[in-house]
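Q: Just passing along the structure, written as structure tokens.
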Amino acid sequence: MAWFRKRRRRDREAEAAFVEHVFSHWEGLFRYAVRLSGDEHTAEDLVQESLTKAYRAFDRCREDTNYRAWIFTILRNTFLSRARRTGRELPLEDPVSVADEGAANLEHALVTPDDGWRHGFEDEVLAALGELAETQRTAVVLCDVEGLTYDEISHVLGCPIGTVRSRIHHARRRLRATLAGYANARGYANAEQAG
Amino acid sequence: MPNKLDESLRPHLSALVDGELEPLEAIAIQRHVRHNDSLGAEQRSLEQLKLGVHLAGTRDDPPLGLRARLLAAVRSEAEAQRARRPLRWLWAIPAAAAVVAAVTFAVALSGPWFEDLDGAVPIALAPAALDPPAATERPAPPIYELDDEALIRLVHVHIGDLDPVALRDMSSSGALVQHGELADGFLDNDGGRAGVVQASFMDCNPRQRGDTLAVFDADRINLPPAVDSALEGAGVYTDVADGVEIRITSMGDRLFVVLRTSPAASVSPI
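Residue numbers (the working numbering), protein chains in the order written: chain U, 6 to 200; chain R, 2 to 271.
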């Protein structure tokens, strides 16, 4: 029975290590999956499939693996594979940059105590994120929401750090343009400027 | 008119806000931004946008129970992986069988030979036949070692990785017996007797589902010390191997081994 115990202990240690290094990112994975797929049910499926895949491959990881970047990469690849299988169209290429209308000052929205306007603004931010190309959305969400470094994002997107920098720059220009329109339409940006 | 230097710096402001510039590069750009209202305003705007995206992205809590569901999925995968894991010693079974066959053959060839008077067919006599035991001595019943290896073999017959014929040595030793009358309360009601398949190389094949029940003649079984002490103490020994729950208990001269794929199922000890 000593053999059983030894093997069981090894299994328990592997599970504990997986939970500590990979599973601990489950909330971030879910948030990212929602931003990718657009709904919570699909997001939950995506996260579950990604974690299962990761568990299968976990014992083959090197000690210096960046588990956070690794699991987010698995999630994105799982999403892209599903999208290809289901024939869902993905705007994978970065769109042509829009003109920066960045004059709008968003401070008014962000420093105001929680109220209807702010909630509406957050909805607007999420909607604007959804309009970005998948690569730009991934870059911004992983950077601003999940706090990944450019190096980690370059791992997830499979591109050089310079490309990540460029994608984030263009994504933010686009977001600012969209949100400036929203703020202007409600007179907040004008009020700020007038003030 | 836009300054060329200012325009060349704009693409770097996002990286500056994210803290992703090299230190010297960051200092140089910050110094320039400090003296340029337009770049300063853009930097503040980017900081606000970053905060806005963060607040919006983390606003909604994940669904209730999601963590538990995901953890259960990972644990289920872990169990499945254990069940799929090949056993390293499996190669040894045919090898050991070949060695035993070779030794038997060699002994037969090297033994004393007698000519059958009626024909030319040689008859090999085992060495014991030359020196038969006294008429009063009775041969001791063979003892079967129900060790880790035997239990794992039983587990893999249960899973379906091994053909039930792998249990032949249990049966041929006389240790594995049929048991028609199961004690009430030994199995939980949900499982029911219909879901139990008695383990012998005949009865296990074909087996689609259900728990496996192996009944042994306790007098002919040697158990590992850990099992022995558990049976003497709590009366039940439990273990999990390759995703299969093993429960061992005894009653009278019978030793019962129940194998169950779902560890969640409960077995009430006698």
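All C-beta atoms in this analysis are idealised placements derived from N, C-alpha and C, irrespective of residue type, glycine included.
Tell me which residues share the same chain as U/Thr78 and place their Cβ nearer than 7 Å to its Cβ, disregarding the 5 neighbours each side in the sequence.
A: Excluding sequence neighbours, U/Thr78 sits near His160, Val161.
Q: For a test of the three-state rule: what should DSSP assign to R/Asp212, helix, strand or coil?
A: Three-state result, R/Asp212: strand.
Q: Report the residue from U/Arg36, U/Val169, U/Ala21, U/Ala185 whose alpha carbon sits nearest the alpha carbon of R/Pro12.
A: Of the candidates U/Arg36, U/Val169, U/Ala21, U/Ala185, the one whose C-alpha sits nearest the C-alpha of R/Pro12 is U/Val169.
Q: Report yes or no: do three or more beta-carbon pairs, one from the stretch 27–36 of chain U and one from the stretch 55–67 of chain R, lie closer than 8 Å?
A: A contact exists between the stretch 27–36 of chain U and the stretch 55–67 of chain R.
Q: Does the beta-carbon of R/Glu78, which I'm using as the reference point, lie nearer than 7 Å to any heavy atom of the ligand HEM?
A: Ligands are entirely absent from the displayed structure, and the ligand HEM is therefore not among its contents.
Q: Would R/Val178 count as contacting chain U if we go by Cβ distances under 8 Å?
A: Judged by the 8 Å Cβ criterion, R/Val178 is not in contact with chain U.
Q: Give the interface partners of U/Phe28 over in chain R, defined as CB-CB distance under 8 Å, in chain order.
A: In chain order: Leu71, Leu72, Val75.
Q: From the beta carbon of R/Ser251, is the nearest beta carbon of chain U less than 8 Å away?
A: By this cut-off, R/Ser251 is not an interface position.
Q: Looking at chain R, is there any beta carbon in it that lies within less than 8 Å of the beta carbon of U/Leu180?
A: By this cut-off, U/Leu180 is an interface position.
Q: Inspect the beta-carbon positions of U/Val146 and U/Leu134 and report whether they are closer than 8 Å.
A: Against a cut-off of 8 Å, the Cβ pair of U/Leu134 and U/Val146 comes out as a contact.
Q: Opposite R/His223 in the DSSP bridges: which residues?
A: First, the residue type needs correcting, since residue 223 of chain R is Asn and not His in the sequence shown. Beta-bridge pairing links R/Asn223 to R/Glu146.
Q: If the cut is a Cβ gap below 8 Å, which residues of chain R does U/Val161 touch?
A: Those within 8 Å of U/Val161 in chain R number zero; the least Cβ separation is about 15 Å.
Q: At a Cβ threshold of 8 Å, is R/Leu260 touching chain U?
A: Not an interface residue.
Q: Determine whether the beta carbon atoms of R/Val237 and R/Arg248 lie at a separation below 8 Å.
A: Yes, these two residues count as a Cβ contact at 8 Å.
Q: Can you tell me whether U/Asp64 is buried or exposed, with buried defined as 16 or more other CB within 10 angstroms of its CB?
A: Result: exposed.
Q: Could you say if the stretch 93–109 of chain R and the stretch 79–91 of chain U meet the contact criterion of at least three C-beta pairs nearer than 8 Å?
A: No: the two stretches stay apart, fewer than three of their Cβ pairs being nearer than 8 Å.
Q: Give, in chain order, every residue of the stretch 46–60 of chain R whose Cβ lies closer than 8 Å to some Cβ of chain U.
A: Flagged, chain order: Ser46, Leu47, Gln49, Leu50, Lys51, Leu52, Gly53, Val54, His55, Leu56, Ala57, Gly58, Thr59, Arg60.
Q: I want to see whether chain R comes within less than 8 Å of U/Ile173, judged by CB atoms only; does it?
A: True, the Cβ-Cβ gap to chain R drops below 8 Å.
Q: Do U/Glu127 and R/Arg60 have their C-beta atoms closer together than 8 Å?
A: Contact flag set, yes.
Q: Give the interface partners of R/Arg68 over in chain U, defined as CB-CB distance under 7 Å, in chain order.
A: Correct list: Trp31.
Q: Are the Cβ atoms of R/Leu163 and R/Met171 separated by less than 8 Å?
A: Cβ distance not < 8 Å, so R/Leu163 and R/Met171 don't count as in contact.
Q: Sort U/Leu41, U/Ala74, U/Tyr72, U/Thr57 by Cα distance to U/Ala88 and report the nearest one.
A: When only C-alpha atoms are compared, the closest one is U/Leu41.
Q: Return the first residue and the last residue of the alpha helix (DSSP H) that R/Glu78 is part of.
A: Its alpha helix (DSSP H) spans residues 67–85.
Q: Counting Cβ pairs closer than 8 Å, one from the stretch 170–181 of chain U and one from the stretch 52–72 of chain U, do we hit at least three?
A: Because the criterion of three Cβ pairs below 8 Å is not met, the stretch 170–181 of chain U and the stretch 52–72 of chain U do not touch.
Q: So is U/Cys148 in contact with chain R if we call contact Cβ pairs under 8 Å?
A: True, the Cβ-Cβ gap to chain R drops below 8 Å.
Q: Compute the Euclidean distance between the alpha carbons of R/Leu188 and R/Glu246, then round it to the nearest angstrom.
A: Residue confidence is low: R/Leu188 scores 45 on pLDDT, short of 50, so the model does not pin down where it sits. No coordinate-derived value is stated.
Q: Since R/Asp240 is in the beta strand (DSSP E), which residue starts that stretch and which ends it?
A: Its beta strand (DSSP E) spans residues 237–242.
Q: Under three-state DSSP, which class holds R/Asn206?
A: In this prediction, R/Asn206 has a pLDDT of 39, which is less than 50 and means its spatial position is unreliable; what the coordinates show is noted afterwards. It is coil, neither helix nor strand.
Q: Go to U/Val145, then tell me how far its alpha helix (DSSP H) extends in each direction, as first and last residue.
A: Counting along the chain, the alpha helix (DSSP H) containing U/Val145 begins and ends at 139–145.
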